[in-house]
Each structure stands twice: as C-alpha cells, then as structure tokens.
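**Q** No gaps in the numbering here: position 37 of the sequence shown is 37 in the UniProt record's numbering, and each next residue is one more.
Don't be surprised by glycine CBs; every beta carbon is placed ideally from N, CA and C.
Every value quoted in this text rests on a predicted model; they were computed, and no experiment measured them.
The structure follows.
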Amino acid sequence: MADRLILVDDLDEESIKGVERIDFMWRGTEYEIDLNPEHLAEYDEVLAPLLKVARVKQGAGRKGRKATKPKSETTAETKKMRDWAKANGHDVPDRGPIPREVREAYARAQAESGPSVPPQGTQENAAEPATQNPYAGR
1 MADRLILVDD LDEESIKGVE RIDFMWRGTE YEIDLNPEHL AEYDEVLAPL
51 LKVARVKQGA GRKGRKATKP KSETTAETKK MRDWAKANGH DVPDRGPIPR
101 EVREAYARAQ AESGPSVPPQ GTQENAAEPA TQNPYAGR
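Below is the structure:
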C-alpha cells in the first residue's frame, strides 16, 4: 500500500490541490514553507524586484563540501592579471572570475618573460591598505 503525503498551506492551514513546499534562506538560516498557488504567487510577487537585482551565489547546492583548492591569488595578483589581459586585447570583467583561457595566456606570457617580482620594500610590492566594510556590524 502506498502512502499519500498531503501538504497543507502554512498561511491559511487549508489543504488544496497544488500546495508546494518552498525552501529559502534568510540571514544564514534555512527555512521551508508550504504554499498554495495563490500564496505562492504572492511570494513570487514580493521577491520579483529583489530577484531582478540579486546575484545567484556561486557554488550553491554544494552544502557541506569544502573548497578543493585554497585561494592562491591575492587582489594585487588578479589586478595585474586583469591589467595584462586588457592591455593584450583580452575581454575580462572588472570583477568576478577571470576566464580560464585568460589565466592560461597570462601564465604563458609570464613564463616566457621570466619572473617579474619587484624587490621587497618597493612601493609596487607594498601591501594594499585595508578598506573598511560599510556593512560591518549591521
């Protein structure tokens, strides 16, 4: 004999056809709610303007897994790579990941030209000043 799961709308506690379970996260806590089609439409309407400007978080859905390799590049290194790429005709975004083919071309160019590490204590090798996070403490 099969079991039947009957979902009840969490807002009005009615069981009608088409109730869906919705998973969402708010401020680091995961939630789920069961909504009928009318309440689901309201939920979608409230979120629509936020979703238009939101970004999809990279790596979503990989709960509990750690990164396979640590971040090895500093902001200064990625800035050098972006500057080199733009100067050499590559299309790279100002933010976000640098495409693999650009990284590979940069690595080849660096290997051909030899190391270009400025001596310790020079302005170019100085640490970048920390910036204050305007959202810290909110």
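When the Cα atoms are used, what is the spatial distance from Ala54 to Met1?
**A** Those two C-alpha atoms are separated by around 45 Å.
**Q** Closest to Lys57 by CA distance: which of Glu32, Ser15, Met25, Thr75 is it?
**A** Nearest option by C-alpha distance: Met25.
**Q** Report all residues from its chain with a CB closer than 7 Å to the CB of Ile33; omit the five preceding and five following residues, and keep chain order.
**A** Closer than 7 Å at the Cβ level, and outside the excluded window around Ile33, lie Asp10, Ile22.
**Q** Go ahead and pull the three-state DSSP assignment for Val21.
**A** Checking the sequence, you will find Arg at residue 21 rather than Val. Here Arg21 sits in strand by DSSP.
**Q** With DSSP as the reference, please indicate the residues paired to Trp26 in a beta bridge.
**A** Answer by DSSP bridge pairing, in chain order: Thr29.
**Q** Could you have a look at Thr34 and say whether DSSP puts it in helix, strand or coil?
**A** It is Asp, not Thr, that sits at residue 34 in the sequence shown. Strand.
**Q** Taking C-alpha atoms, which residue in Asn36, Glu101, Ala105, Arg82 lies nearest to Arg95?
**A** If we check each option's Cα against that of Arg95, Arg82 comes out closest.
**Q** If you draw a straight line from the C-alpha of Glu45 to the C-alpha of Glu38, how long is it?
**A** Glu45 and Glu38: Cα-Cα distance of roughly 11 Å.
**Q** Pop quiz: Glu20 and Leu5 are said to be a contact at Cβ under 8 Å. What is the actual Cβ separation, rounded to whole angstroms?
**A** In fact, because the Cβ distance is near 12 Å, the residues do not count as touching under 8 Å.
**Q** Rounded to whole angstroms, what is the Cα-Cα separation between Leu40 and Ala111?
**A** The alpha-carbon atoms of Leu40 and Ala111 are separated by roughly 56 Å.
**Q** Beta-carbon separation of His90 and Ala105 under 9 Å?
**A** Yes; because the gap between Cβ atoms is below 9 Å, this pair is in contact.
**Q** Less than 9 Å between the C-beta atoms of Ala85 and Ile98, yes or no?
**A** The answer is yes: Cβ separation under 9 Å.
**Q** Cβ of Arg4 versus every heavy atom of the ligand ZN: is any distance shorter than 8 Å?
**A** With respect to the ligand ZN, the structure offers nothing, as it holds no ligand at all.
**Q** To the nearest angstrom, how far is the alpha carbon of Tyr43 from that of Pro49?
**A** Each residue's alpha carbon lies about 11 Å from the other.
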